[in-house]
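Written below as structure tokens is the structure these notes are about.
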Amino acid sequence: MRVQHVELEYVHQVWPIVEPLIRRGIERRDSPGDYSLEEMRTMVAMGHWMMVVSLQDDGLINGVALVNYVNRPTSRVAFITFISGKGIATKETFGLLANVLKAFGATTIEAAVVGSRERLWRRLGLVEKYRIVETKL
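Under the working numbering, think of the first position of the sequence shown as 7, with each following residue one higher.
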């Protein structure tokens, strides 16, 4: 099992492979979400978000994470904006994912979570920092 980022130059080649994973993740969301499939693709293609994939031993992609980096005064946060697939957030691969994010300067990993995703992240050792709520105006 490997976890690696996708260079911006290859995003359009990899997108058709990860799109079904992302689509399934969108369909399983516990809430409506902030981004559509096309908006996610745009954020990745423009370089605002980084794509990270997990690969099986045979080289097939089985997970994808979309990551936005935020610089704060005392930390560089890898904010996971979307994650989907069986191979990207397991006890086996979380350390590999963390190593990739560290290679891009991350000192902290964060994600906004609800429902089943919250349980997933807790199993991987992330603890609740705060909850985000909203209202539409």
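Where a beta carbon is used, it is the ideal one built from N, C-alpha and C, also for glycine.
Computed from a prediction, not measured in an experiment: that's the story for all the values here.
Legend entry - Cβ shell of residue 102 (< 6 Å), same chain only, five flanking positions each side left out: Excluding positions up to five away in sequence, the list reads 9.
Legend entry - Span separating the alpha-carbon of residue 82 from that of residue 108: So the two alpha carbons sit approximately 9 Å from each other.
Legend entry - Own chain residues within Cβ distance below 7 Å of residue 130, not counting five before or after: Excluding residues within five positions, the ones whose Cβ falls inside 7 Å are 95, 97, 100.
Legend entry - Check whether residue 112 and residue 84 have beta carbons under 7 Å apart: Inclusion of residue 112 and residue 84 in the CB contact set at 7 Å is warranted, their separation being smaller than that value.
Inset, instruction - Let me know the secondary structure DSSP gives residue 78 once reduced to three states. - result: DSSP places residue 78 in strand when its eight states are reduced to three.
Inset, instruction - Compare the C-alpha of residue 29 against each of 53, 45, 78 and name the closest. - result: It is 45.
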